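This is the structure:
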């Protein structure tokens with residue numbers, strides 16, 4: 008679905024104020040007696056022009072394996088979906104496998120005397136669940152052992168005071184929508200080494216997919232405003248491709264080449280794919296003094312001017328569209344001639360399109 012929004016806000020309520028004056032002439036023009044020339048005037052008012060197209064942008068974050076299964080036995084339960092700190096992803100026999108927020112994977116049994124980042128990740132879990140006080144210092148001492156025993160008791164597990172490899176899986180960000188590997192199926196026997204959990208990881212891809220006809224309406228230099236809750240992000244077109252069905256896919260990036268969501272990416276849902284409202288800015292909105300485009304004339308040197316009660320006045324065209332031009336050089340309320348000839352001209356040149364002109 009596509010919605011075209013054209014901003015034309017000039018004399019919005021009453022329309023253009025215009026007057027028509029009939030001038031009598033007795034001078035022949037090209038051998039033909041011209042008895043009357045109509046002159047139409049309009050009054051400049053405050054307005055704006057611009058054009059945008061409404062689409063949906065799809066945000067994808069690749070789901071990649073973050074851990075391999077280290078347990079052997081039969082899968083008795085799986086719980087894919089959105090998981091938070093300490094929640095169960097799947098169960099082998101009667102041993103639950105839980106996700107824990109951590110940047111590095113677990114690689115060993117965690118017991119008294121162990122030190123390192125994996126110990127700190129376990130300690131943060133114990134702190135979050137109220138079994139350990141203090142900070143996560145990465146040192147598995149007596150306090151951590153007691154906290155593990157308390158945690159195991161709360162889970163109805165044997166109170167060993169240590170955590171075996173395979174019971175915890177580190178996921179970079181939680182909560183996250185996780186998937187279990189293809190081999191993690193209820194009733195299947197695991198030997199270890201299977202891809203166990205996949206989680207969204209890495210940069211998000213912002214993509215805009217449109218029909219071939221719609222793609223022709225989107226210039227390469229267009230910007231895209233993407234909204235999510237209170238956030239508005241601006242993306243540019245980084246690349247484009249066409250699929251076998253003829254649809255065009257625009258890949259969006261921030262102006263600096265990074266992710267469109269910048270420092271706010273964590274505010275997005277943790278789903279592998281999210282659809283967001285977006286506006287393709289074909290012609291940026293320009294506000295100022297607005298006149299009918301027909302009132303703007305160009306000289307041979309391509310400079311623009313309007314005809315006022317005081318005569319010709321040079322103007323700069325900041326933007327135009329749908330028969331309206333926003334100009335600099337005159338004030339709101341100035342009368343400008345829309346139709347008719349001045350005393351010094353024999354013909355009118357049409358308004359030349361500008362860099363910001365749009366439909």
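In our numbering, the protein residues as written are 8 to 366.
Where a beta carbon is used, it is the ideal one built from N, C-alpha and C, also for glycine.
Note that the structure is predicted; figures quoted are calculated from it, not measured.
Opening and closing residue of the alpha helix (DSSP H) in which residue i lies
| i | result |
| --- | --- |
| residue 158 | 149-161 |
| residue 186 | Careful: residue 186 lies outside any alpha helix (DSSP H), inside the beta strand (DSSP E) at 183-187. |
| residue 219 | 219-222 |
Among the options, the one whose alpha carbon lies nearest that of residue i
| i | options | result |
| --- | --- | --- |
| residue 194 | 328, 65 and 82 | 82 |
| residue 229 | 239, 218, 184 and 245 | 245 |
| residue 215 | 138, 60 and 136 | 60 |
| residue 180 | 275, 49 and 155 | 275 |
| residue 259 | 286, 277, 231 and 253 | 231 |
| residue 277 | 287, 89 and 295 | 89 |
| residue 80 | 136, 198 and 144 | 198 |
| residue 170 | 77, 321, 329 and 71 | 77 |
| residue 149 | 98, 256, 303 and 126 | 126 |
Start and end residues, beta strand (DSSP E) containing residue i
| i | result |
| --- | --- |
| residue 317 | Note, residue 317: premise wrong, no beta strand (DSSP E); not H, not E. |
| residue 344 | 342-346 |
| residue 371 | As shown, the chain starts at 8 and ends at 366. That puts residue 371 outside it, with no answer to give. |
| residue 172 | Premise fails: residue 172 is in no beta strand (DSSP E) and is neither H nor E. |
| residue 334 | 331-335 |
| residue 144 | Unbroken run through residue 144: none, as it is neither H nor E. |
| residue 207 | 202-207 |
Beta carbon of residue i nearer than 8 Å to that of residue j
| i | j | result |
| --- | --- | --- |
| residue 281 | residue 326 | no |
| residue 63 | residue 247 | no |
| residue 233 | residue 85 | no |
| residue 56 | residue 333 | yes |
| residue 117 | residue 92 | no |
| residue 175 | residue 107 | yes |
| residue 343 | residue 315 | yes |
| residue 138 | residue 154 | yes |
| residue 289 | residue 313 | no |
| residue 156 | residue 168 | yes |
| residue 287 | residue 225 | yes |
| residue 213 | residue 188 | no |
| residue 51 | residue 340 | yes |
| residue 67 | residue 211 | yes |
For residue i: DSSP bridge partner residues
| i | result |
| --- | --- |
| residue 247 | 257 |
| residue 313 | 320 |
| residue 295 | 54 |
| residue 410 | Nothing can be reported for residue 410, as the shown portion of the chain is limited to 8 through 366. |
Notebook entry, point to check: Which full runs of the alpha helix (DSSP H) of 4+ residues lie inside the segment 61-142, going along the chain?
Noted result: Fully enclosed alpha helix (DSSP H) runs of 4 or longer: 124-135.
Next item on the list: Return the chain-ordered ranges of every alpha helix (DSSP H) run that is complete within the segment 252-293 and spans a minimum of 4 residues.
Entry: Fully enclosed alpha helix (DSSP H) runs of no fewer than 4 residues are not present anywhere in the segment 252-293.
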